[in-house]
Every structure is written in C-alpha cells, then in structure tokens.
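Visitor: One structure follows; several queries about it will come next.
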Amino acid sequence: MAIQTRSLSWMERVYLSLLKGLGITFRTMFRKHIVRKYPEEPIPRSPITRGQPRLAQNEDGTTRCVSCGLCEFVCPAYAITITGGETERFIEREPKEFQIDMLRCILCGFCEEVCPKEAIFMSDELEFAGPTRAEHVLDKQALLRPISKLRQRIEFSNSIYNRWRRTALPADPAKNPAGPAAEPPVAIGVPHTDPTVRNAPSQDSNKNLPTRREP
Amino acid sequence: MFSAIDWSLVAAMLLITALAFGGTVAVAGAMSLAERRVSAWMQFRIGPNRVGPFGLLQPVADLIKFLFKEEVMPEGAHPVLFRLAPALAAIPAMMTFAVVPFGIGNVTIPFLGIDRPLVVANLPVGALYFLAIGSLGVYGIILGGWASNNKFSLLGSVRSSAQMLSYELSLTLAMAAAILMSGSLQPMEIVRHQAEHGWNVIYQPIAFVVFLIAMFAETNRHPFDFAECEPELVGGFHTEYSSMKFALFFVGEYSAMVGMSGMITTLFLGGGHVPFLAIEHTPWWLSVLAFAVKTGFFLFLYLWVRWSLPRFRYDQLMDLGWYKLIPVALANLAVTGVLKVIL
Ligand code: SF4
Ligand code: SF4
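Residue numbers (our numbering), protein chains in the order written: chain A, 1 to 215; chain B, 216 to 558.
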C-alpha cells in the first residue's frame, strides 16, 4: 500500500504547530483525572465477579457443606482438602476441617458449580496478599461467610446453572424441617437477566463447531 | 596576612553560597517530583501522592531508596572513570548557578551588617564562566557512556557529545547578542541594563528563541534527549548505572536545568527585575521572588515540552542545529552588531 503523504503547511515547517500540542497538554492539566485511588476507592463488584471461593454459613451458624467431597474431587488444582465428620443435625455429615490452599486455587469456579448443597461459592473477595505461605491456607473458620453476604452470587449462579436443568428440585418443608426448606428461598430455574453475560452457551451450541477428524 | 581577612565578609559569602547551592539542589529534588506530578496531570493521572502531604516527601523517599540500592559495576568497565563520570556530570551543573544573580541589587545581611550582591560570584566574565563550566558537563556523559563498556551507553554518549557541541554554538551566539545589547559580560550588569532599558526579550526575540531551543539541547532534555532516548538506547549513557551514581546523573540533569533557566531569565527576562519598578525601589526579597517566578516558568516549560512533543530524529536534530539555528543566530548577531554601531 502506498503511504499517503501530504505536504507540510507553513506552520508545520517552522515548527509553529508545536504550540498546538503544548496547548492540548496544558488544557489537559486542569481536566479531571480518571484514576481510581484503589485501596481507598474499592473496585465496583457485581455478582459476576468470580473472587475467592468461600463456604456458606446458615443463619444459625451451621455449615451447609455435607462434606460429600465432590469439590475436592473436581478441583483441578488439588486446592481443597476436606476431613469429613458427623453431626447431630438432619444433614448428618459436615466437614470437621475444610481447607482451601489459596496459593493453589486457580479461581476456576468448578467447586461452586459441582456443589450439590449450594455450600461453596465464589465470593467477591479479591484482595489476596501476605508475607507467608501458611496464611494462605484457609481453614473452615476463615472460609465461612454468612449466607446473606453471598445472596447475590447464589441467585446469579443459579440463574446460570439452572438453564441446563430441566426441572427444578422442589423443597418439601413437611418432610424436611431442618433441611433445605429452612434455607432462604433461592430462585431456581430463572433464566439469567444479567446483561453482562452474553453469548451463554445453549444446549446445541456445539453443533456448529468443526468436528475433529481422526487421522 | 591572616589578620587582614574580614571574617564577617567570609561568613556573608558562605551564607549566600549556601543559599544558592542549597536552593539549586533543593529545586533539583523538587523537580524530580514535579516531573512526575506534571506528567501525571497531563495524562489524566494523579502521580505520586503517598509519601507525605500531596506526595511532597517523595524526593526524600527516593533519596533513601537510592542510598540503599546495590551498586553494580559491569564487567570490563573502567573502574576509575566509571566512578568519576557521575560526579563530573553533577558538579559542573551545580557550579553554573554561581554566576546567576538570583535577585537585583544588594542585600544587607542581618547581624553581619555587610552589603552583598545577590549572586554567589559577581564575576566580570560571568557569562563566559557559565559557558565554560556548563560545557564541562558533557564530559560526565561521554565518560559515563564510554567507561561502562556497553554499546548502548556508548551510542548515547556519542550522540550527546555531537549534539551538545553543535548546540553550544547557537547557545553562545544567542548569548552574544544579549551581551552586545548591554555591553558587559557581567550578569549583574546585564540585568541592570535590562532594568533600565527594557528586557532583552523585546529587543532580541530571535536570540531568545534560539537560546530557548539550544537550552533544551544543551541539557539533554526532550525533544532532544538523544543521550537517553529510552526506546532506542535502553537508557543511553546511564544504562549501566545504579544506586547513588544514577541519582547523581539525575541531580546533574536537573541542576543543569535550574542553571539554564536562571541564565535565560538573566539574559532575556531581566533577572530579578520587577516590571515597571526601578531598581532602587525594589526590595531584595521582591526581586528574588520575581527571579524565582521567571525561572520557575522555564522549569515548567521543560516539563511541559517533555510531556507534549515527540522526540526528533537524530538527523533532524543535526539539521536544525547546523542549517537553521546557527545561520539564524549568526545573522541576528551581525544585524545586532551593525545596529549597535550605527545607533
Ligand atoms: S475455584 Fe477451582 S481451583 Fe479453586 S478451589 Fe474451587 S475448584 Fe479448586
Ligand atoms: S461439594 Fe459442596 S457439599 Fe460437597 S464437600 Fe464440597 S462444599 Fe461440601
């Protein structure tokens, strides 16, 4: 392609047009800056923010996790270590210890996706710094968050994952007084309306993908 | 012989020297902060604001950081010259301010009762001293680049020496025009002449512009910073320098800027002369303030230009120096001389 050139004007040839540039920078000096003073002005977070995984805690202070071990199994980074235990509560099992090594975690969100009891969620906590390795291995006490704090994320993740679910699982309050019915109502099967999520995969979205041919 | 020494005179001179020297270095430090703040404002940013109120203690923090950094000397570097170069760059730059009058007239120093002019050394050949000492600064850059055994450093210093040699000519010619106007090489005299007959910038606008451009090239600042030239030469002559040696190059650069800004104020903007105010009626502090404001404007101009204009190409730089500035300055000098004789 030929390079488009244009002959310089008189102003440009004697470098007088440099003054124009100086004018622009001088005006900019008095314009508003666009920097966020980060630690003082926190980053705005929406439910779609996939921060560090946290365990949900019921209003009465009990854990929701039943130490089924699915998240430990699915975790691609082997970040989760669960020591199972029993409880008098209806759910019968709860973790004695639940550790996530945040130095291993890759924030993939698989644990949240796989959990059958809505017990582990990607929170909006992003800050992550410390001088030792040990303090990044979080135990159960450090991981537990009241479920009210995770409410938005729970609704959001349900609206995402439930699009693949044919039927919503109805809770039965008569059969199960201490169990799921006591849980705060969570929208199930509601298609997501978050405008930040675009092009979510549909059931037959891989129809258009080119098939890989075996040699 | 010793009894003839007037100790109060010595004390007065030391006081003025300390003021001028401390002022130069302090302003050089402040410039390192101003550079970052101004560049930030020009780019919609805030700049360093963490150390002290409004980040004002940032230069102090930088100094402490530089002091504790490791000094690295590259293999094959010349041990003596490598260590000498930063000092050679910084000391002449700080010395240039000695002949710049930072006020007008005399000041009576309290407790000593001595009348001294507001200048460190009121040399009769001050302008020559300024040029001579100022051009010594290029040795620091040449030696620094040569001694560090690095291709990029050497390229940077070769460029910078060629650039400073060619622009020194225009600088001197422009200065000569201003000197012709007042008929004296003594900066104090030049200032007094301007206070009585009007500023040189009115009578010598061409010399003023030439001096302004050459001043940017002499101090190796944008748009003529070919000694550093980060995108092409890594860091130029100071690529291999670390710690306090690097800081010395920086202090040298900023001190040279302060000296040059002071000199252009003295030569063309009437130094510490307040417009429409006779010398006799100007209190000394007001003249110092006037000088500070004018010098501050040129210091700001340095930053302003740096963050607005792109760097020249090297051949454009030489072209501008030899084919444009020197003929213009020469013609200006000739016309000034002829007019001076006729009128
Ligand atoms: S987010 Fe991914 S990596 Fe982190 S704990 Fe959960 S499954 Fe493991
Ligand atoms: S998948 Fe859920 S219920 Fe199972 S162990 Fe993990 S957090 Fe607990």
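Idealized CB from N, CA, C, for every residue including glycine.
If you drop the 5 nearest sequence neighbours on each side, which residues of the same chain put their C-beta closer than 6 Å to that of HIS192(A)?
Guide: The residue you call residue 192(A) lines up with position 192 of the first sequence. For HIS192(A), the pLDDT reaches just 47, beneath the cut-off of 50, and the residue's location in the model is therefore unreliable, although a value from the coordinates is still provided. Hits under 6 Å: SER159 and ILE160.
Visitor: I believe LEU386(B) touches GLU455(B) by the beta-carbon criterion, under 8 Å. Please report the beta-carbon distance rounded to the nearest angstrom.
Guide: Position 171 of the second sequence, counted from the first residue, corresponds to residue 386(B). Position 240 of the second sequence, counted from the first residue, corresponds to residue 455(B). At roughly 29 Å, the Cβ-Cβ gap does not stay under 8 Å, so LEU386(B) and GLU455(B) are not in contact.
Visitor: Buried or exposed: where does HIS496(B) fall if 16 or more other Cβ atoms within 10 Å of its Cβ makes it buried?
Guide: If you number the second sequence from 1, residue 496(B) lands on position 281. Classification for HIS496(B): exposed.
Visitor: Quick one: is the Cβ of ARG251(B) within less than 8 Å of any heavy atom of ligand 1?
Guide: Within the second sequence, the letter at position 36 stands for residue 251(B). Answer for ARG251(B): no, Cβ out of range of ligand 1.
Visitor: Would VAL137(A) count as contacting chain B if we go by Cβ distances under 9 Å?
Guide: Within the first sequence, residue 137(A) is the residue found at index 137, counting from 1. So, not an interface residue.
Visitor: Expressed to the nearest angstrom, what Euclidean distance is found between the alpha-carbon atoms of ARG374(B) and TYR538(B)?
Guide: Locating residue 374(B) in the second sequence gives position 159, where the first residue counts as 1. Locating residue 538(B) in the second sequence gives position 323, where the first residue counts as 1. Approximately 18 Å between the Cα atoms of the pair.
Visitor: Taking the alpha-carbon of LEU103(A) as reference, which of ARG133(A), GLU86(A) and MET29(A) has the nearest alpha-carbon?
Guide: As a first step, residue 103(A) is located in the first sequence; it is residue number 103 there, counting from the start. Closest option to LEU103(A), Cα to Cα, is ARG133(A).
Visitor: Could you give the first and the last residue of the continuous alpha helix (DSSP H) run that contains PHE345(B)?
Guide: Within the second sequence, residue 345(B) is the residue found at index 130, counting from 1. It spans 341-362 - the alpha helix (DSSP H) in which PHE345(B) sits, taken as one unbroken run.
Visitor: Going along chain B in order, which residues have a C-beta closer than 8 Å to the C-beta of MET29(A)?
Guide: Within the first sequence, the letter at position 29 stands for residue 29(A). Simply VAL253, TRP256 and MET257.
Visitor: Would you mind telling me which residues of chain A sit closer than 8 Å to ILE261(B), beta carbon to beta carbon, in chain order?
Guide: By 1-based counting over the second sequence, the position of residue 261(B) is 46. Simply HIS33, VAL35 and LYS37.
Visitor: Do GLY109(A) and ligand 1 come close, with the Cβ less than 8 Å from some heavy atom?
Guide: Reading the first sequence from its first residue, position 109 is the one you call residue 109(A). Yes - ligand 1 has a heavy atom lying nearer than 8 Å to the Cβ of GLY109(A).
Visitor: May I have the straight-line CA-CA distance separating ALA313(B) from MET459(B), to the nearest angstrom?
Guide: Here residue 313(B) refers to the residue found at position 98 when the second sequence is read from its first residue. Here residue 459(B) refers to the residue found at position 244 when the second sequence is read from its first residue. Each residue's Cα considered, the two are about 24 Å apart.
Visitor: Leaving out five residues before and five after LEU524(B) in sequence, what residues of the same chain have Cβ atoms less than 7 Å from its Cβ?
Guide: Taking the first residue of the second sequence as 1, we reach residue 524(B) at position 309. The residues are HIS437 and PRO438.
Visitor: Determine the contact status of LEU333(B) and PHE345(B), defining contact as a CB-CB distance below 9 Å.
Guide: In the second sequence, counting from the first residue as 1, residue 333(B) sits at position 118. In the second sequence, counting from the first residue as 1, residue 345(B) sits at position 130. Contact: no.
Visitor: Give me the Cα-Cα distance between ILE106(A) and THR239(B), rounded to the nearest whole angstrom.
Guide: Residue numbering aside, residue 106(A) sits at position 106 when the first sequence is read from its first letter. Residue numbering aside, residue 239(B) sits at position 24 when the second sequence is read from its first letter. Between ILE106(A) and THR239(B), the C-alpha separation is close to 53 Å.
Visitor: Grab me the residues of LEU369(B)'s own chain with a C-beta within less than 7 Å of its C-beta, minus the 5 sequence neighbours each way, in chain order.
Guide: Here residue 369(B) is taken as the residue at index 154 of the second sequence, counted from 1. The answer, listed in chain order, is GLY360 and TRP361.
Visitor: Let's test the definition: count the other Cβ atoms within 10 Å of the Cβ of MET11(A) and tell me whether it reaches 16, buried, or not, exposed.
Guide: Numbered from 1 along the first sequence, position 11 holds the residue referred to as residue 11(A). Exposed: under 16 other Cβ atoms inside 10 Å.
Visitor: List, from N- to C-terminal side, the beta strand (DSSP E) runs of 3 residues or more that fit wholly inside the stretch 18-79 of chain A.
Guide: Counting whole runs of 3 or more residues, the stretch 18-79 of chain A contains the beta strand (DSSP E) stretches 53-57.
Visitor: Does ILE43(A) get closer than 9 Å to chain B when you measure Cβ to Cβ?
Guide: For this step, residue 43(A) is matched to residue 43 along the first sequence. Output row for ILE43(A): interface = no.
Visitor: Assign ASP60(A) to buried or exposed, taking buried as 16 or more other Cβ atoms, counted over all protein chains shown, within 10 Å of its Cβ.
Guide: Mapped onto the first sequence, residue 60(A) falls at position 60. Answer is exposed; the Cβ neighbour count stays below 16.
Visitor: Compute the minimum distance between the beta carbon of PRO95(A) and the heavy atoms of ligand 2, and state whether it is under 8 Å.
Guide: One-based indexing of the first sequence puts residue 95(A) at position 95. Yes, since a heavy atom of ligand 2 falls inside the 8 Å radius drawn around the Cβ of PRO95(A).
Visitor: How big is the Cα-Cα spacing for GLY467(B) and ALA304(B)?
Guide: Locating residue 467(B) in the second sequence gives position 252, where the first residue counts as 1. Locating residue 304(B) in the second sequence gives position 89, where the first residue counts as 1. Answer to the nearest angstrom: the Cα atoms are 6 Å apart.
Visitor: Any contact between the stretch 414-433 of chain B and the stretch 390-404 of chain B? By contact I mean 3 or more CB pairs, one from each, below 8 Å.
Guide: Result yes; three or more Cβ-Cβ pairs closer than 8 Å.
Visitor: If we ignore side chains and look at the alpha-carbon of each, how far apart do VAL66(A) and GLN57(A) end up?
Guide: Residue mapping note: residue 66(A) aligns to position 66 of the first sequence, counting from 1. Residue mapping note: residue 57(A) aligns to position 57 of the first sequence, counting from 1. Taking the straight line joining both Cα atoms gives about 12 Å.
Visitor: If I follow the unbroken alpha helix (DSSP H) through GLN419(B), where does it start and stop?
Guide: Taking the first residue of the second sequence as position 1, residue 419(B) is located at position 204. No alpha helix (DSSP H) holds GLN419(B); DSSP gives it neither H nor E.
Visitor: Compare the beta carbon distance of PHE98(A) and LEU55(A) with 9 Å and say whether it is the shorter of the two.
Guide: Taking the first sequence and counting its residues from 1, the one referred to as residue 98(A) is at position 98. Taking the first sequence and counting its residues from 1, the one referred to as residue 55(A) is at position 55. A contact, by the Cβ cut-off of 9 Å.
Visitor: Distance, Cα to Cα, ALA174(B) vs LEU482(B)?
Guide: Outside the displayed span of chain B (216 to 558) sits residue 174(B), for which this structure offers no information.
Visitor: Taking MET403(B) and MET475(B) to be in contact with their CB atoms under 8 Å, please state how far apart those CB atoms are, rounded to whole angstroms.
Guide: Locating residue 403(B) in the second sequence gives position 188, counting from the first residue. Locating residue 475(B) in the second sequence gives position 260, counting from the first residue. Contact doesn't hold; Cβ gap of about 18 Å is too wide.
Visitor: Short of 7 Å in beta carbon distance, which residues of its chain neighbour ALA77(A), apart from the five on each side in sequence? Order them along the chain.
Guide: As a working note, residue 77(A) is residue 77 in the first sequence. Here the set comprises ARG104, CYS105 and ILE106.
Visitor: For the putative contact between ILE319(B) and ALA227(B), defined by C-beta atoms under 8 Å, what is the C-beta separation to the nearest angstrom?
Guide: Numbered from its first residue, the second sequence carries residue 319(B) at position 104. Numbered from its first residue, the second sequence carries residue 227(B) at position 12. Not confirmed; about 18 Å, so no contact.
Visitor: I'd like to confirm something about ARG104(A): is its beta-carbon nearer than 8 Å to some heavy atom of ligand 1, or not?
Guide: Translated into positions along the first sequence, residue 104(A) becomes position 104. Result yes, Cβ under 8 Å from ligand 1.
Visitor: Is GLU125(A) near ligand 1, with its Cβ less than 8 Å from a heavy atom?
Guide: Taking the first sequence and counting its residues from 1, one reaches residue 125(A) at position 125. No, since every heavy atom of ligand 1 falls outside the 8 Å radius drawn around the Cβ of GLU125(A).
Visitor: What are the boundary residues of the beta strand (DSSP E) that includes GLU97(A)?
Guide: Numbered from 1 along the first sequence, position 97 holds the residue referred to as residue 97(A). Where GLU97(A) is concerned, the enclosing beta strand (DSSP E) stretches over 93-101.
Visitor: Might you give, ordered along the chain, the residues of its own chain that have their beta carbon closer than 7 Å to the beta carbon of LEU287(B), omitting 5 neighbours on each side?
Guide: If you number the second sequence from 1, residue 287(B) lands on position 72. Reading the sequence as shown, one finds Val at residue 287(B) and not Leu. SER457, listed in sequence order.
Visitor: Taking LEU448(B) as the reference, which of VAL225(B), TYR469(B), VAL520(B) and LYS366(B) has the closest Cα?
Guide: For the purposes of this step, residue 448(B) is identified with residue 233 of the second sequence, where counting begins at 1. LEU448(B) has its Cα closest to that of LYS366(B), out of VAL225(B), TYR469(B), VAL520(B) and LYS366(B).
Visitor: Identify the contact partners of TRP519(B) in chain A, using a Cβ-Cβ distance below 8 Å as the criterion.
Guide: Looking up residue 519(B) in the second sequence gives position 304. Ordered by position in chain A, the residues that pass the 8 Å Cβ test against TRP519(B) are LEU22, THR25 and PHE26.
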